[in-house]
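Okay, structure first, notes after.
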Amino acid sequence: MAIFIFAIGLKFNFMRKLVWLLIILLLTIIGFSCSFWGITTAPVISVIHSDASDSGILSISLIQDEKLVIKTESLLEIWNYSDPDTPKSIGSYPARVELSSMILNKYAIMSDFQILDTSNPTAMTPVSMTATGPILWEEPSEFLDGYLYLGSFQIVDVNNPQNPNLQSSIDITELSDILVMDNYAYLASSFGLTILDISDKGTPVVTGRLSGVNSNLEKKLAKSGNTIYVTNWNSESAAIFDVSDKSTPEKIGEVIIPFEDSKITAIGTYDKMLYLSTKTSFSGLNYSSIMCYDITDPLLPKYLKDVRFQSTGISEMEINDDYLFLLNRSLGSTFGISDYPHIIILRRPS
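In terms of the working numbering, the sequence shown opens at residue 12 and continues consecutively.
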C-alpha cells in the first residue's frame, strides 16, 4: 500500500510539474508573439476626470503654455499638464461651448452670441459678439490663421473675435471632418472626399472630389505631406489617398489592422508617425490600443507596434511632441480607471 501511495504521489508531482511547464511554455509563446507583433503595454501617465464628466465631455483642445481645454455639456475647464503625472485644474466656467475649436488660442465660442476669453483661466470672461452674416456654428470646426472653418461649410474671419465676419459658404451634405492646410481644405462627408482651394476666402473653389470613400459613415481625416488618411468610426481600415494633384485625388491603398475584432475609433498624425486608436472586445471586456506606423513614406505606412492600455474606447486624440491626450466619451467599465468619460494621458510612442 505504501508503495502504491508513493507511486500515486510521484504521478501527481509529475503532472503538476508538467502543467507548470506547459503554462511557462504558453506564456513564453505569448510573450514571443507579442514581441514579434510589436505589442507593448503603455503605462497610463495620468487620467483627468472633469468636474462635469458625468454629463458628457464634448471635446478637448491643446492650447499654448501646456494647457488642455475640456468642453463638457455644462462646463469649460482648463487644466495645466506641465507635470503630466499630476495635471491640475486651473479654472472653469459654467457654460456650454458650441465648438471644439479654440480661436487665437484663447477664445471659445459659446451660445447666445457670446465668446469666452480664457486668457486668465482663474477669471474667464464672457464677451458679447456681433456676427456679420448668417453664421451657423456647426461642428466639425477648424481654426487656422485667423479663420474659422465650420461644418456648414462656412469660412468665417475671426481676426476680431467680437465681430466674426462670414466670408463664404458652400453646401456640403453631412460633413464629418475638416482639415485645412496650405490654402486647401479637405472635407470628409457622406459624399466622400472633397478638396477646396481656399486661397481666396471669399470664393472657395472645388478642385477635386472622390465619391464612395469608405461608404457613407462618419469619417475622420489625418494628413501627412500630400497624403490623406480617411477612416470611418468603428471601421477596420484607413484608406490612403495621394492628393498631390488636387484635381484628381487617388486612392492608392489601405492601412488594415492586423488583429481580429479590432475597430478604429480615432486617427492622428504627428512627426512622420500615424496613430490609429483601436478598440477590441474580448469575452465581454474592452481594451484600447494605439497602432503606431512609420510614415516617412506617407504612401507606404510601416507598422511598428501596438501600444495597449485600459479603456472602453477612444473617440478623439490630441497630440504634441511628448504626449497623446485621449478622450474616452463612453460610459462603462475601464478596469478601475473610470466609469465616466475622461481623458487619458500617454507618452507619445515613436
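Heads up, the beta-carbon is just placed ideally off N, CA and C, and yes, glycines get one too.
Query raised in the report: Should residue 68 be labelled buried (16 or more other beta-carbon atoms within 10 Å of its own) or exposed?
Result: Walking along the sequence shown from the start, residue 68 turns up at place 57. It counts as buried.
Query - C-alpha distance - residue 187 paired with residue 71, whole-angstrom precision - result: Taking the sequence shown and counting its residues from 1, one reaches residue 187 at position 176. Taking the sequence shown and counting its residues from 1, one reaches residue 71 at position 60. Approximately 17 Å between the Cα atoms of the pair.
Query raised in the report: Terminal residues of the continuous beta strand (DSSP E) containing residue 197?
Result: Translated into the one-based positions of the sequence shown, residue 197 becomes position 186. Its beta strand (DSSP E) spans residues 195-200.
Query - 6 Å CB neighbourhood of residue 285 in its chain, flanking five on each side removed - result: For the purposes of this step, residue 285 is taken as residue 274 along the sequence shown, with counting starting at 1. The answer, listed in chain order, is 304, 306, 312.
Query raised in the report: Of the residues 193, 322, 185, which one's Cα is nearest the Cα of residue 202?
Result: As a first step, residue 202 is located in the sequence shown; it is residue number 191 there, counting from the start. The shortest Cα separation from residue 202 among 193, 322, 185 belongs to 185.
Query - Nearest-angstrom Cα separation, counted from residue 218 out to residue 208 - result: Translated into positions along the sequence shown, residue 208 becomes position 197. Translated into positions along the sequence shown, residue 218 becomes position 207. So the two alpha carbons sit approximately 6 Å from each other.
Requested in this report: Give the secondary structure of residue 233 by DSSP, where H, G and I count as helix, E and B as strand, and everything else as coil.
Outcome: As a working mapping, residue 233 is identified with position 222 in the sequence shown. In the structure shown, residue 233 sits in a strand (DSSP, three-state: E or B).
Query raised in the report: Which residue's Cα is closest to the Cα of residue 152: 56, 171, 301, 190?
Result: Locating residue 152 in the sequence shown gives position 141, where the first residue counts as 1. When each option's Cα is compared against that of residue 152, the closest is 190.
**Report entry** Reference residue 300, options 352, 329, 309, 357, closest by Cα
**Finding:** Taking the sequence shown and counting its residues from 1, the one referred to as residue 300 is at position 289. Here the closest residue by C-alpha is 357.
**Report entry** Which of helix, strand or coil DSSP assigns to residue 142
**Finding:** Along the sequence shown, read from residue 1 onward, the residue named residue 142 stands at position 131. Residue state, collapsed to three classes: coil.
Query raised in the report: To which residues of the same chain is residue 103 closer than 6 Å at the C-beta, ignoring the five residues directly before and after it?
Result: The residue labelled residue 103 in the question sits at position 92 within the sequence shown. Only 86, 88 meet the Cβ criterion.
Query raised in the report: When burial is assigned at 16 or more other CB atoms within 10 Å of the CB, is residue 75 buried or exposed?
Result: Taking the sequence shown and counting its residues from 1, the one referred to as residue 75 is at position 64. Within a 10 Å sphere around the beta-carbon of residue 75 sit fewer than 16 other beta-carbons, which makes this residue exposed.
Requested in this report: In the DSSP assignment, find the unbroken beta strand (DSSP E) run with residue 120 in it and report its ends.
Outcome: The count along the sequence shown starts at 1 and reaches residue 120 at position 109. Start and end: 118-121.
Report task. Specify, as a first and last residue, the run of the beta strand (DSSP E) that residue 104 falls within. Result -> Your numbering for residue 104 matches position 93 in the sequence shown. Here the beta strand (DSSP E) through residue 104 covers 99-104.
Requested in this report: Quick one: which unbroken beta strand (DSSP E) runs of 3-plus residues sit fully inside the stretch 124-174? Chain order, please.
Outcome: 125-128, 136-139, 152-155, 158-161, 165-168
Query raised in the report: Which one of 112, 171, 239, 302 has the shortest CA to CA distance from residue 317?
Result: Numbered from its first residue, the sequence shown carries residue 317 at position 306. With distances taken between Cα atoms, residue 317 lies closest to 302.
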